[in-house]
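Enquirer:
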Amino acid sequence: MVNPVLLIAVPLGLAFAIPLFALFWKDAAKYIPPVALGFNLVVSLLLLAKVLENPVIVSIGGWRPPFCINLVAGPVGVLFSAIIALVGFLVSIYALDYIKEGATEKYHMLYLLLLTGATGVVLTGDIFNLFVFFEILCISSYALVAYLRDKPGIESAVKYLIQGAVGSSLLLIGIGLLYGQFGTLNMADIAEKITSASPIFLFVPMVLLITGLGVEAAIFPLNAWLPDAHSSAPSSISAILSGIAIEVGLYAVARVIFTIFGVSLSTTPSFLLFLALLGILTLLIGEMCAFSQNNIKRMLAYSSIGQIGLILFALAIGTSYGVTGGLFQLVSHTLSKALLFLAAGYMIYQTGSLQISALEGMGKKMPLTCLAFTIGAFSLVGLPPFIGFPSKFLIVRAALATEETIFIVLIGLALLGTVIEGAYFFRVVQVLYFKGEKVNPGRKEAPVAALIPMFIFVVLIVVVGIYPKLVTDVLNSAASEFLNRLDYIRSVLG
Amino acid sequence: MSFLDNYIYYIGAFGLILIGIYIILVKHNLIKVIIGLGILDTGVNLFLISIGYITKGTAPIFSRPGIDSEHMVDPVPQALVLTAIVIGVAVLALALSLAIRLYQHYDTLNLRKIRGQRW
Chain C
5 MVNPVLLIAV PLGLAFAIPL FALFWKDAAK YIPPVALGFN LVVSLLLLAK VLENPVIVSI
65 GGWRPPFCIN LVAGPVGVLF SAIIALVGFL VSIYALDYIK EGATEKYHML YLLLLTGATG
125 VVLTGDIFNL FVFFEILCIS SYALVAYLRD KPGIESAVKY LIQGAVGSSL LLIGIGLLYG
185 QFGTLNMADI AEKITSASPI FLFVPMVLLI TGLGVEAAIF PLNAWLPDAH SSAPSSISAI
245 LSGIAIEVGL YAVARVIFTI FGVSLSTTPS FLLFLALLGI LTLLIGEMCA FSQNNIKRML
305 AYSSIGQIGL ILFALAIGTS YGVTGGLFQL VSHTLSKALL FLAAGYMIYQ TGSLQISALE
365 GMGKKMPLTC LAFTIGAFSL VGLPPFIGFP SKFLIVRAAL ATEETIFIVL IGLALLGTVI
425 EGAYFFRVVQ VLYFKGEKVN PGRKEAPVAA LIPMFIFVVL IVVVGIYPKL VTDVLNSAAS
485 EFLNRLDYIR SVLG
Chain R
47 MSFLDNYIYY IGAFGLILIG IYIILVKHNL IKVIIGLGIL DTGVNLFLIS IGYITKGTAP
107 IFSRPGIDSE HMVDPVPQAL VLTAIVIGVA VLALALSLAI RLYQHYDTLN LRKIRGQRW
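Here the protein sequences come in this chain order: C and R.
For the first sequence, my numbering begins at 5 and goes up steadily by one.
For the second sequence, my numbering begins at 47 and goes up steadily by one.
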């Protein structure tokens, strides 16, 4: 049996080995991340079949939970680690050719550390360990946003760092309050003891944890850093930040709400309704801001805020349909947004401008890249036969199945957001293909190392879109891990 | 005065946390904001330590004779604080190096004057 510890240990070790290898052979730096993440992908897929039946609990140091730091490789953890490894692997292939300037070995090391942190967050079963991995993720992403060392990059990194550091301090206070009350840091153990505590003492830690994690997850009032950071980072990093970092933040929010505090439809429906309202607010604000952007990367960044809002709304529906739909939307957003940023990266590289108007006629100049961008855009809007269609369809069905007026009104607003989304993505597609002079400017395609990952993303988006059954089994059991907290507690504590 | 005796560390910790947040929200100079982050970190660390502290407590070393378990402090929060200090150092170091770069680009550290990205 493969040990899930390898998912964290191998990339972490290789990340710190990169500067050593780079001493002897400068190019080694860029080949290590694909190797490490390819390994992670294989291990995650091997584990996936196994954990669908029984979650794998790894106790580090030979003590039994709750006295040790444990890893919980359940359906959720392994699903997320597989997605992280898949997207990370493809983006690292893209980066082979894309990252040329600056201290490249530092880029590759930080990149691998970021993904190690993300994998750690989704696999750990200890809340302080979650905080530590979260900080690994955050610190490496602050540094990567500033990688180009240009004016916007440094400025957004400072802004991101200040907000992120305040968020992590709040998270740590919340963890301290929980430890003070329950004397344990194991999430399953806290979840077991929390039923005996009076709600008044749980409110403050819950608010602190959700606020702290919400900064990274970019939930509405806490997302001022996101458009700047995502638009001024190198495009490969924007793809990772949009595709993975905020999703991991959202995973942590869901884990805290569902598993630790046991929020469910039957006990605290008002809190879920509050989250659903926040989600819709995030969605509408993100989509409206995206609509008014002229800068393509800012537009994509605001669209990420909108998608995060939709995922939060779906999770907050709280039924098993809703959570499945939310996780499906999360997968679809990861694939589509990573593809969009990768395609946009080379279009920006060709034109030298971030303005949407500068992309006129790119459809003839870079047909394959533009086709990839178009497919990503259509998938995000939710057109069949791409992956965005079944995921949005599931969310709509879940909202209608609650048969509550408020959720039906909210899903109506979410669909309004989708219409706005369609409007600005179709505008970009129109600029790509139907604007500009008719003369043929001659083809200048992105390099092969960039086209291959984009092609794989396109294949995944189309195949899962046509045949969603490929992922729904995994998503269903992931959703039931979130909703059946008693099973989680029992499987960890035995 | 027993209230103060019992809760003095918590009062101090939350005082530091609030001072830190106040500085981050109000000050315009990036260096001062970073100092605010440092104070916030210190407050959080003091809070974590005081969770596990017992008055006149000592280290939980079971092999040493003459200490009963009632006078041992909880070692877990101290381990947490060690980790949190290291993380805090990393964040502060990164923040200061970014501040140097920011000054090279803009010739100022006043955050109200740096508006390239619509704050």
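Note that the Cβ used here is the ideal one computed from N, Cα and C, for glycine as well.
Please read all numbers here as calculations on a predicted model, not as lab measurements.
(1) Return yes when the Cβ of C/Ala19 is within less than 9 Å of the Cβ of C/Ser145, no when it is not.
(2) Counting only the same chain and skipping the five closest in sequence on each side, list residues whose C-beta sits under 8 Å from that of R/Trp165.
(3) Mind listing the chain R neighbours of C/Leu165? Cutoff is C-beta to C-beta under 8 Å, in chain order.
(4) Please list the terminal residues of the continuous alpha helix (DSSP H) segment that includes C/Leu45.
(5) In the structure shown, what three-state DSSP assignment does C/Ile61 receive?
(6) Quick check: is the beta carbon of C/Val9 nearer than 9 Å to any beta carbon in chain R?
(7) Throw me the rounded Cβ distance for the C/Ala77 and C/Val496 pair, which I believe falls under 8 Å.
(8) Counting pairs of beta carbons, one from the stretch 287-307 of chain C and one from the stretch 415-425 of chain C, are three or more of them closer than 8 Å?
(9) Tell me which residues share the same chain as C/Ala381 and place their Cβ nearer than 7 Å to its Cβ, disregarding the 5 neighbours each side in the sequence.
(10) Give every residue of the same chain whose Cβ lies closer than 6 Å to the Cβ of C/Phe138, excluding the five residues on either side of it in the sequence, and list them in chain order.
(11) To the nearest angstrom, how far is the alpha carbon of R/Ile81 from that of R/Gly134?
(12) Are the C-beta atoms of C/Val468 and some chain R residue less than 9 Å apart?
(13) For C/Val468 versus C/Leu339, is the C-beta spacing smaller than 9 Å?
(14) Have a look at C/Leu304, C/Ala195, C/Gly329 and flag the residue whose alpha-carbon is nearest the alpha-carbon of C/Leu316.
(15) According to DSSP, which residues form a beta bridge with R/Asp51?
(16) With a threshold of 8 Å, are at least 3 pairs of Cβ atoms found where one atom belongs to the stretch 444-459 of chain C and the other to the stretch 296-305 of chain C?
(17) When the cut-off is 9 Å and only beta carbons count, does C/Arg68 lie next to chain R?
(18) Counting only runs that start and end within the stretch 353-386 of chain C, where is the alpha helix (DSSP H) found for 4 or more residues in a row?
(19) Would you list the one or two residues that DSSP bridges to C/Asn190?
(20) What's the gap between the Cα of C/Thr108 and the Cα of C/Pro238?
(21) Do we get a CB-CB distance below 9 Å when we pair C/Phe132 with the residues of chain R?
(22) Any C-beta of chain R within less than 7 Å: which residues of the stretch 133-156 of chain C qualify?
(23) Excluding five sequence neighbours on each side, which residues of the same chain lie with their C-beta closer than 8 Å to the C-beta of C/Ile352?
(24) Under the three-state reduction of DSSP, which class applies to C/Val463: helix, strand or coil?
(25) Taking just the CA atoms, how far does C/Ile198 sit from C/Phe265?
(26) Quick check on DSSP: helix, strand or coil for C/Ala77?
(27) On the premise that C/Gln333 lies in contact with C/Ser274, defined as a C-beta separation below 8 Å, what is that separation, rounded to the nearest angstrom?
(28) Given a cut-off of 9 Å, decide if C/Phe461 and C/Leu384 are closer than it, judged by their beta-carbon atoms.
(29) What are the start and end residues of the alpha helix (DSSP H) that includes R/Lys78?
(30) Does any CB atom of chain C fall closer than 9 Å to the CB of R/Thr129?
(31) Is R/Leu92 near C/Ile179, with beta carbons less than 9 Å apart?
(32) Contact check, C/Lys164 vs C/Ala233 under 8 Å by CB: the rounded distance?
(33) Return the CA-CA distance between C/Ile398 and C/Leu490, expressed in angstroms with no decimal places.
(34) Going by C-alpha distance, which of R/Asp87, R/Ser96, R/Gly58, R/Asp153 is nearest C/Leu181?
(35) Just mark R/Gln150 as buried or exposed, buried being the case when its beta carbon has 16 or more other beta carbons within 10 Å.
(36) Just to check my reading of the structure: C/Leu75 and C/Thr128 have Cβ atoms closer than 8 Å, yes? What is that Cβ distance to the nearest angstrom?
Expert: According to the data block:
(1) As a working note, residue 145 of chain C is residue 141 in the first sequence. As a working note, residue 19 of chain C is residue 15 in the first sequence. Taking 9 Å as the Cβ cut-off, C/Ser145 and C/Ala19 do not qualify as a contacting pair.
(2) On the second sequence, position 119 is the one that residue 165 of chain R refers to. Reliability fails at R/Trp165, whose pLDDT of 42 lies under 50, so the model's placement of it is uncertain and no value is given.
(3) Your numbering for residue 165 of chain C matches position 161 in the first sequence. Those are Val137, Leu140, Ala141, Leu144, listed as they occur along chain R.
(4) Position 41 of the first sequence, counting from 1, holds the residue named residue 45 of chain C. Unbroken alpha helix (DSSP H) run through C/Leu45: 32-55.
(5) Start at 1 with the first residue of the first sequence, and residue 61 of chain C comes out as number 57. Of the three classes helix, strand and coil, the one that applies to C/Ile61 here is strand, per DSSP.
(6) Working through the first sequence from its first residue, we reach residue 9 of chain C at position 5. By this cut-off, C/Val9 is not an interface position.
(7) To locate residue 77 of chain C, count along the first sequence from 1; it is residue 73. To locate residue 496 of chain C, count along the first sequence from 1; it is residue 492. That belief does not hold up - the Cβ atoms of C/Ala77 and C/Val496 are roughly 11 Å apart, past 8 Å.
(8) yes
(9) Counted from its first residue, the first sequence places residue 381 of chain C at position 377. The residues are Leu344, Phe429, Val432, Val433.
(10) Taking the first sequence and counting its residues from 1, the one referred to as residue 138 of chain C is at position 134. If we look at C/Phe138 and ignore the five residues flanking it on each side, its Cβ neighbours are Val125.
(11) Translated into positions along the second sequence, residue 81 of chain R becomes position 35. Translated into positions along the second sequence, residue 134 of chain R becomes position 88. Cα to Cα, the separation comes out at about 12 Å.
(12) Stepping through the first sequence from its first residue, residue 468 of chain C is reached at position 464. Not an interface residue.
(13) Sequence index remark: in the first sequence, residue 468 of chain C carries index 464 (1-based). Sequence index remark: in the first sequence, residue 339 of chain C carries index 335 (1-based). Their beta carbons are under 9 Å apart, which means C/Val468 touches C/Leu339 by this criterion.
(14) For the purposes of this step, residue 316 of chain C is taken as the residue at position 312 of the first sequence. Checked all of C/Leu304, C/Ala195, C/Gly329; the closest Cα to C/Leu316 is C/Gly329.
(15) In the second sequence, the residue the question calls residue 51 of chain R occupies position 5. DSSP, once it has assigned bridges, lists no residue as partnering R/Asp51.
(16) no
(17) Within the first sequence, the letter at position 64 stands for residue 68 of chain C. By this cut-off, C/Arg68 is not an interface position.
(18) 366-369, 371-385
(19) Translated into positions along the first sequence, residue 190 of chain C becomes position 186. C/Asn190 pairs with C/Asp130.
(20) Locating residue 108 of chain C in the first sequence gives position 104, where the first residue counts as 1. Locating residue 238 of chain C in the first sequence gives position 234, where the first residue counts as 1. Going from the Cα of C/Thr108 to the Cα of C/Pro238 covers about 12 Å.
(21) As a working mapping, residue 132 of chain C is identified with position 128 in the first sequence. Interface residue, yes.
(22) Val136, Glu139, Ile143, Tyr146, Ala147, Ala150, Arg153, Lys155, Pro156
(23) Taking the first residue of the first sequence as 1, we reach residue 352 of chain C at position 348. Counting only Cβ-Cβ distances below 8 Å, and skipping sequence neighbours, we find Ser239, Ile300, Lys301, Leu358.
(24) Your numbering for residue 463 of chain C matches position 459 in the first sequence. The answer is helix: DSSP assigns C/Val463 an H, G or I state.
(25) Counting from one through the first sequence, the residue named residue 265 of chain C turns up at place 261. Counting from one through the first sequence, the residue named residue 198 of chain C turns up at place 194. One C-alpha to the other measures close to 7 Å.
(26) Sequence index remark: in the first sequence, residue 77 of chain C carries index 73 (1-based). It is a strand residue.
(27) Taking the first residue of the first sequence as 1, we reach residue 274 of chain C at position 270. Taking the first residue of the first sequence as 1, we reach residue 333 of chain C at position 329. The pair is not a contact, with the Cβ atoms about 24 Å apart (cut-off 8 Å).
(28) If you number the first sequence from 1, residue 384 of chain C lands on position 380. If you number the first sequence from 1, residue 461 of chain C lands on position 457. Their beta carbons are not under 9 Å apart, which means C/Leu384 does not touch C/Phe461 by this criterion.
(29) By 1-based counting over the second sequence, the position of residue 78 of chain R is 32. From DSSP, the alpha helix (DSSP H) with R/Lys78 extends over 76-98.
(30) Your numbering for residue 129 of chain R matches position 83 in the second sequence. Closer than 9 Å: yes.
(31) The sequence position of residue 92 of chain R within the second sequence is 46, counting from 1. The sequence position of residue 179 of chain C within the first sequence is 175, counting from 1. The answer is no: Cβ separation not under 9 Å.
(32) Here residue 164 of chain C corresponds to residue number 160 of the first sequence, with the count starting at 1. Here residue 233 of chain C corresponds to residue number 229 of the first sequence, with the count starting at 1. It should be pointed out that residue 164 of chain C corresponds to Tyr in this sequence rather than to Lys. That pair is a contact at about 4 Å.
(33) As a working note, residue 398 of chain C is residue 394 in the first sequence. As a working note, residue 490 of chain C is residue 486 in the first sequence. According to the sequence shown, residue 398 of chain C is Leu rather than Ile. Distance between the alpha carbons of C/Leu398 and C/Leu490 is about 26 Å.
(34) Counted from its first residue, the first sequence places residue 181 of chain C at position 177. Comparing Cα positions, the closest option is R/Ser96.
(35) Stepping through the second sequence from its first residue, residue 150 of chain R is reached at position 104. So R/Gln150 ends up on the exposed side.
(36) Along the first sequence, one-based indexing puts residue 75 of chain C at 71. Along the first sequence, one-based indexing puts residue 128 of chain C at 124. Their Cβ separation, rounded to whole angstroms, is 6 Å, which keeps C/Leu75 and C/Thr128 in contact under 8 Å.
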